[in-house]
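These notes concern the structure reproduced below.
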Amino acid sequence: MEAVIGAGEFKAKCLQILDNVATQREPLVITKRGKPVAKLVPIPAEGELFGALAGSVLSESDIVAPVDAHWDAAT
């Protein structure tokens, strides 16, 4: 069950509510006259930038050695 808060209370306690959503990692529905109008959700945590692509690149040991297939560059 998602937490629900009225727009007036959200306005009065906005900064505290933002901190709570960030730390608790739980979404919050904001209502106006009892009807949902917005949803406050935490931003997904960012991964470490250094090493983010580790293991995603293949290495080739010798890129200038002749290949075992015959090919003709003129055709």
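Going by the numbering used here, the final residue of the sequence shown carries number 1432, and the count climbs one at a time with no gaps. Glycine residues also receive a C-beta, built at the ideal position from the N, C-alpha and C atoms.
A distance below 7 Å separates the beta carbons of alanine 1364 and isoleucine 1387. As computed with DSSP, proline 1401 is found in no beta bridge at all.
Each of Ala1430, Trp1428, Phe1367, Ala1411 was checked against the Cα of valine 1394, and the nearest Cα belongs to Phe1367. Cβ neighbours of arginine 1382 within its own chain (closer than 6 Å, five residues either side excluded): Pro1399. Secondary structure at isoleucine 1387: strand, using DSSP grouped into helix, strand and coil.
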